[in-house]
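Numbering (this note's numbering), first residue to last: 4 to 211. Written out below as structure tokens is the structure these notes cover.
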Ligand SMILES: Nc1ncnc2c1ncn2[C@@H]1O[C@H](COP(=O)(O)OP(=O)(O)OP(=O)(O)O)[C@@H](O)[C@H]1O
Ligand SMILES: [Mg+2]
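Dropping the structure here:
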């Protein structure tokens, strides 16, 4: 049996887009693969999103409970994990040892970059001490590409040897997709052309 690839979206900073990215990624991959979505957050926002999905959309197995390690009943190609804010060191270590890849969304804001700096230092230290093979990819989210603070974020990301897996613009499409139980790839092309092209490098990295 094929082994499921485990991908978590993690950053202890609240509101940086973990659930938005985890749900859209699960939806994107569900068109070509069997996908399970693991909701580790007590807020259960990913589970709420899953509850809004219509039968017309490809099925995604939801694992809403926070048991560790997660119990997946059917075979899956991908396990996508939405993690809570304020995750502690023990939980982070568990994810590093469990996952193949971790996506770290980062917002272009000085306050997020400061806390992101501390978090990334911790993440890379834990990966080293645990000798985890987990790959870490940094993703700029809610980007306005013309702003100075976006350039500052790119400079910040450049300091790390982790791959920069892309940027997602600030777009109301993400809010629309969330409230409809859809991924951004399931909204009409004319509306999301730019978002689809921004997602391609991220999806390529996940599938690599
Ligand atoms: N690229 C984007 N463009 C516009 N809005 C976005 C984008 N990404 C996320 N958002 C919005 O930002 C808010 C926070 O996003 P989300 O809930 O995904 O973050 P989170 O990291 O999961 O938060 P928490 O830490 O509370 O779980 C939501 O209102 C979401 O719709
Ligand atoms: Mg969330």
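From the three backbone atoms N, C-alpha and C, an ideal C-beta is built for every residue, glycine too. Here the structure is a predicted model, which means the values were calculated and not measured.
Problem set entry | Among 76, 184, 167, 88, the one whose alpha carbon lies nearest that of residue 202 | 167
For this session: Please report how far the alpha carbon of residue 10 lies from the alpha carbon of residue 206, in whole angstroms.
Result: 11 angstroms
Problem set entry | Buried versus exposed call for residue 150 [16 or more other C-beta atoms within 10 Å across all chains shown] | exposed
Exercise. Ligand 2 heavy atoms versus the CB of residue 16: any closer than 8 angstroms?
Worked result: no
Exercise. DSSP puts residue 172 in a beta bridge; with which residues?
Worked result: 146
Problem set entry | residue 85 - partner residues in DSSP beta bridges | 12, 42
Exercise. For residue 166, is the beta carbon positioned less than 8 angstroms from some heavy atom of ligand 1?
Worked result: no
Exercise. Relative to ligand 1, is the shortest distance from any of its heavy atoms to the C-beta of residue 177 smaller than 8 angstroms?
Worked result: yes
Exercise. Roughly how many angstroms lie between the CA atoms of residue 147 and residue 109, to the nearest whole one?
Worked result: 13 angstroms
Exercise. According to the neighbour-count rule (16 or more other Cβ atoms, all chains shown, within 10 Å of its Cβ), is residue 189 buried or exposed?
Worked result: buried
For this session: Count the CB pairs spanning the segment 28-45 and the segment 60-69 that are closer than 8 angstroms, and state whether there are at least three.
Result: yes
Problem set entry | Nearest-angstrom Cα separation, counted from residue 138 out to residue 22 | 20 angstroms
Exercise. Whose C-alpha, out of 120, 179, 136, 174, is nearest the C-alpha of residue 157?
Worked result: 120
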